[in-house]
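Asker:
There are 2 protein chains.
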Amino acid sequence: MLPFSVTILGSSSALPTLKRFPTSQVVNLNEKLYLIDCGEGTQIQLRKFGLKAGKINHIFISHLHGDHIFGLPGLISTMALGGKKGELHIYSHSELKLMMDPLLKFISEMDDFRIIYHPLSFRGHAVLFEDSKLTVESFPLKHRVPCCGFVFREKQHELHLRGDQVEYLKIPIRERVAIKGGADYHREDGTVIPNSELTFPSDPVRSYAFCTDTVPRKQIIPVINNVDLLYHEATFGDDLKDLALKTYHSTTKQAAEIALEAGVKKLIIGHFSSRYKSEKPLVDEARTIFPNTFAANDGEKFEL
Amino acid sequence: MLPFSVTILGSSSALPTLKRFPTSQVVNLNEKLYLIDCGEGTQIQLRKFGLKAGKINHIFISHLHGDHIFGLPGLISTMALGGKKGELHIYSHSELKLMMDPLLKFISEMDDFRIIYHPLSFRGHAVLFEDSKLTVESFPLKHRVPCCGFVFREKQHELHLRGDQVEYLKIPIRERVAIKGGADYHREDGTVIPNSELTFPSDPVRSYAFCTDTVPRKQIIPVINNVDLLYHEATFGDDLKDLALKTYHSTTKQAAEIALEAGVKKLIIGHFSSRYKSEKPLVDEARTIFPNTFAANDGEKFEL
């Protein structure tokens, strides 16, 4: 299976702490890096955790609050200074461009690369990005400002060719691609060998969903259903659920309930309020509902 | 003497490193904090080094390159979340407001405090700020974009009253303020005791000058003449003086020559290019010209 991981760069809510930078994560699929949110200090965290800023070509921004975007100008400057070429795609609320343009006009090294802004839809589920290995989808969350979650899904993998049959039937190389895609094998003598006799099943496809900032929202369940890994914000413990509602955030138990109902395999909670000195009670509380819960900590890497 | 210090929050040039954040410093005079420049992560450094963001009411921005300003939106958000009240004064190129406004409009907690932007003059020496203890002046540097240096000067202190004379002459409390300001003492019997017999000299006034980013510029010498502490950028070692000139920066030796000609007491060099893994060779090189040179390192506090 291809390497597929999520590295937490920042896991605080609005106020960073000595242990937690504001929200940012890197999804790595087969050494292609996708950034989700970009709180202040993201470029510093990338460096600290050995991830190259210049390898990021796609950035997904959930919403335009400062703790999710204030790292963008510095990251983009550093990319420019590092000689980045080509295109940087940013998926966000359309207003982001208006916020960034005045900041970026002083960066004289940006002649060689271009930022392409893609507006998010906050009305419904949409496919944002697609290549041969991955699709990235967005779906609306519910926060004080327009906000989207994202799902990263591996594309269906090729079937595995059965080495014994390839050898026995002397299948030419040119036919193998089609068979790995599901085709039967037509021999020169006219006989047909069905695909099921030529292949083993493909690897399972994996998926990662990112949901912050938001109140718990049942409407997202069909979209994130059965994902392997779900990041869901849990800004507060369950005793502060009134405050969570008022500020359009979720509690530990609410995040766990979403994970449970969506039948996900594993839950990461994060975006912790700076009032919590330890994440342990928060994780313990979520585990009363969804046992396979873990805390996001800066620098931690979750393999899918 | 009142506490008067400079704490280095960031000392890198454009690219931060694992050891150095981008430029930012805090001047502390008698527990009033003044921020100079605000590179990305300034709010994180303030927290790390135990300085309260909410105590800063004046920010001086040398120029509008990202490594000197990209920490502002996060710092201001954090001030707002911390319940800051009153006025925050920012002294900078007038364009800064246009860069900040689109970023700050999402900060809903800013109802209680107001940012007042003060435009810098890039033509000549000017007094920016003055209170009972301090003046802050600006003066033009020479960089790729308009840039100013700053001098923080203590105001002339009061004279020290001689306790023996106060007692012997029974000087009433109401007269003492005038005497500390230099007045003679007129006794009720008409005799006059000259001030020189009533006081000891005041404490010396101290001063700090901040010069980055710039080519070495002789025109600044009259302004920074005899300061107690000079911070002067030394982005490069002396072997890269062509590159320094091309990018409008200074070398170690050029910074040291400015310090020597200005007759300052102590020199701090910083804004080091990320190519230097250690600051030691840079300091050694500067010391061949100005022996009392030290490197700026994040978290270091220089007492005046």
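Residue numbers (our numbering), protein chains in the order written: chain A, 74 to 377; chain B, 74 to 377. Don't be surprised by glycine CBs; every beta carbon is placed ideally from N, CA and C. Model, not experiment: these values are computed from the prediction.
Who are the Cβ neighbours of E160 of chain A in its own chain at under 8 Å, not counting the five residues just before and after it?
Answerer: Translated into positions along the first sequence, residue 160 of chain A becomes position 87. N130, F186, R187, I188, I189, listed in sequence order.
Asker: Where does I244 of chain A sit, in a helix, a strand or coil, going by DSSP?
Answerer: Start at 1 with the first residue of the first sequence, and residue 244 of chain A comes out as number 171. Coil at I244 of chain A, not helix or strand.
Asker: Say whether the stretch 119-139 of chain B touches the stretch 147-162 of chain B, bearing in mind that this needs 3 or more beta-carbon pairs closer than 8 Å, one atom from each stretch.
Answerer: With the cut-off at 8 Å, the stretch 119-139 of chain B and the stretch 147-162 of chain B touch.
Asker: So, do the stretch 85-95 of chain A and the stretch 77-86 of chain B have three or more beta carbon pairs nearer to each other than 8 Å?
Answerer: Segments in contact, no.
Asker: Could you tell me whether the stretch 304-320 of chain A touches the stretch 258-269 of chain A, where touching means 3 or more Cβ pairs closer than 8 Å?
Answerer: The stretch 304-320 of chain A is not in contact with the stretch 258-269 of chain A.
Asker: Which class does P192 of chain B belong to by DSSP, given the choice of helix, strand or coil?
Answerer: Against the second sequence, residue 192 of chain B aligns to sequence position 119. DSSP places P192 of chain B in strand when its eight states are reduced to three.
Asker: Which residues, in order along the stretch 116-131 of chain A, keep a beta-carbon less than 9 Å from a beta-carbon of chain B?
Answerer: Hits within the stretch, in order: Q116, I117, R120, K121.
Asker: For H136 of chain B, which of B:S194, B:G123, B:Q327 has the nearest alpha-carbon?
Answerer: Reading the second sequence from its first residue, position 63 is the one you call residue 136 of chain B. It is B:S194.
Asker: Tell me the residue span of the beta strand (DSSP E) that contains T80 of chain A.
Answerer: Working through the first sequence from its first residue, we reach residue 80 of chain A at position 7. Here the beta strand (DSSP E) through T80 of chain A covers 77-83.
Asker: Would you list, in chain order, the members of the stretch 290-316 of chain A that have their beta-carbon closer than 7 Å to a beta-carbon of chain B?
Answerer: So nothing in the stretch comes that close.
Asker: Mind pulling the beta strand (DSSP E) runs of 3 or more residues that sit fully within the stretch 283-345 of chain B?
Answerer: List check, beta strand (DSSP E) in window: 302-306, 339-343.
Asker: Per DSSP, what kind of secondary structure is R187 of chain A in: helix, strand or coil?
Answerer: Residue mapping note: residue 187 of chain A aligns to position 114 of the first sequence, counting from 1. Strand at R187 of chain A.
Asker: Please state if the CB of D286 of chain B and the CB of Y241 of chain B are separated by a distance shorter than 8 Å.
Answerer: Residue 241 of chain B sits at position 168 when you count from the first residue of the second sequence. Residue 286 of chain B sits at position 213 when you count from the first residue of the second sequence. Cβ distance not < 8 Å, so Y241 of chain B and D286 of chain B don't count as in contact.
Asker: Express the C-alpha separation of K125 of chain A and R279 of chain B in angstroms, rounding to a whole number.
Answerer: Counting from 1 along the second sequence, the entry for residue 279 of chain B is found at position 206. Counting from 1 along the first sequence, the entry for residue 125 of chain A is found at position 52. Cα to Cα, the separation comes out at about 45 Å.
Asker: Do you know whose CA, among B:S85, B:S165, B:K326, lies nearest C220 of chain B's CA?
Answerer: By 1-based counting over the second sequence, the position of residue 220 of chain B is 147. Comparing Cα positions, the closest option is B:S165.
Asker: Could you please give the first and the last residue of the uninterrupted alpha helix (DSSP H) stretch that includes R217 of chain A?
Answerer: Position 144 of the first sequence, counted from the start, is the residue given in the question as residue 217 of chain A. First-last for R217 of chain A: undefined, no H or E at that position.
Asker: If the cut is a Cβ gap below 9 Å, which residues of chain A does V99 of chain B touch?
Answerer: As a working note, residue 99 of chain B is residue 26 in the second sequence. Those within 9 Å of V99 of chain B in chain A number zero; the least Cβ separation is about 17 Å.
Asker: Leaving out five residues before and five after G310 of chain A in sequence, what residues of the same chain have Cβ atoms less than 7 Å from its Cβ?
Answerer: Translated into the one-based positions of the first sequence, residue 310 of chain A becomes position 237. Result list for G310 of chain A: T324, T325, P354, L355, E358, in chain order.
Asker: Run through DSSP, which three-state label would D174 of chain A get?
Answerer: Numbered from 1 along the first sequence, position 101 holds the residue referred to as residue 174 of chain A. Helix.
Asker: Helix, strand or coil: which one does DSSP assign to S97 of chain A?
Answerer: Stepping through the first sequence from its first residue, residue 97 of chain A is reached at position 24. Correct three-state label for S97 of chain A: strand.
Asker: What does the alpha-carbon distance come out to for the pair N370 of chain B and L88 of chain B?
Answerer: Sequence index remark: in the second sequence, residue 370 of chain B carries index 297 (1-based). Sequence index remark: in the second sequence, residue 88 of chain B carries index 15 (1-based). Cα-Cα distance, rounded: 15 Å.
Asker: Going by CA-CA distance only, name the one from A:P277, A:L340, A:F212, A:L177 that's closest to Q292 of chain A.
Answerer: Position 219 of the first sequence, counting from 1, holds the residue named residue 292 of chain A. Comparing Cα-Cα distances from Q292 of chain A to each of A:P277, A:L340, A:F212, A:L177, the minimum goes to A:F212.
Asker: Measuring straight from C-alpha to C-alpha, what distance separates V296 of chain B and I341 of chain B?
Answerer: In the second sequence, the residue the question calls residue 296 of chain B occupies position 223. In the second sequence, the residue the question calls residue 341 of chain B occupies position 268. Those two C-alpha atoms are separated by around 17 Å.
Asker: By the 8 Å beta-carbon criterion, what residues does the stretch 173-205 of chain B contribute toward chain A?
Answerer: Hits within the stretch, in order: P175, L176, F179, I180, S181.
Asker: DSSP state of E113 of chain A, grouped into three classes?
Answerer: Position 40 of the first sequence holds residue 113 of chain A. Three-state DSSP puts E113 of chain A in coil, outside helix and strand.
Asker: Below 8 Å between beta carbons: does that hold for K338 of chain A and N298 of chain A?
Answerer: Here residue 338 of chain A corresponds to residue number 265 of the first sequence, with the count starting at 1. Here residue 298 of chain A corresponds to residue number 225 of the first sequence, with the count starting at 1. In this structure, N298 of chain A does not lie closer than 8 Å to K338 of chain A by Cβ.
Asker: For G222 of chain A and F283 of chain A, what's the separation of their Cα atoms in angstroms?
Answerer: Indexing the first sequence from 1 puts residue 222 of chain A at position 149. Indexing the first sequence from 1 puts residue 283 of chain A at position 210. Those two C-alpha atoms are separated by around 5 Å.
Asker: Give the straight-line distance between the Cα atoms of H344 of chain A and H138 of chain B, rounded to the nearest whole angstrom.
Answerer: Start at 1 with the first residue of the first sequence, and residue 344 of chain A comes out as number 271. Start at 1 with the first residue of the second sequence, and residue 138 of chain B comes out as number 65. Whole-angstrom Cα-Cα distance: 30 Å.
Asker: Can you say whether T361 of chain A is buried or exposed, counting buried as having 16 or more other CB atoms within 10 angstroms of its CB?
Answerer: Locating residue 361 of chain A in the first sequence gives position 288, counting from the first residue. It is exposed - the Cβ of T361 of chain A has fewer than 16 other Cβ atoms within 10 Å.
Asker: Report the partner residues of Y164 of chain A according to the DSSP bridge assignment.
Answerer: Here residue 164 of chain A corresponds to residue number 91 of the first sequence, with the count starting at 1. According to DSSP, which records beta bridges pairwise, Y164 of chain A is partnered with A:F133, A:H191.
Asker: Measure how close the beta-carbons of E113 of chain A and G144 of chain A come, nearest whole angstrom, since I'm counting them as under 8 Å.
Answerer: Counting from one through the first sequence, the residue named residue 113 of chain A turns up at place 40. Counting from one through the first sequence, the residue named residue 144 of chain A turns up at place 71. Yes, E113 of chain A and G144 of chain A are in contact; Cβ-Cβ is about 5 Å, under 8 Å.
Asker: Anything in the stretch 149-165 of chain B with a Cβ closer than 7 Å to a Cβ of chain A? List those residues in chain order, please.
Answerer: Answer in chain order: S150, T151, L154.
Asker: If contact means a Cβ-Cβ distance below 9 Å, which residues of the stretch 215-226 of chain A contact chain B?
Answerer: Answer set for the stretch 215-226 of chain A: R217, V218.
Asker: Would you mind telling me which residues of chain B sit closer than 9 Å to G147 of chain A, beta carbon to beta carbon, in chain order?
Answerer: The residue labelled residue 147 of chain A in the question sits at position 74 within the first sequence. Under the 9 Å cutoff, chain B gives P89, P95, G112, E113, G114, G139, D140, F143, G144.
Asker: Start and end of the beta strand (DSSP E) containing R360 of chain B?
Answerer: Translated into positions along the second sequence, residue 360 of chain B becomes position 287. Here R360 of chain B belongs to no beta strand (DSSP E); instead the alpha helix (DSSP H) covers 353-360.
Asker: Would you call the CB atoms of R226 of chain B and L214 of chain B closer than 8 Å?
Answerer: The count along the second sequence starts at 1 and reaches residue 226 of chain B at position 153. The count along the second sequence starts at 1 and reaches residue 214 of chain B at position 141. No, these two residues do not count as a Cβ contact at 8 Å.
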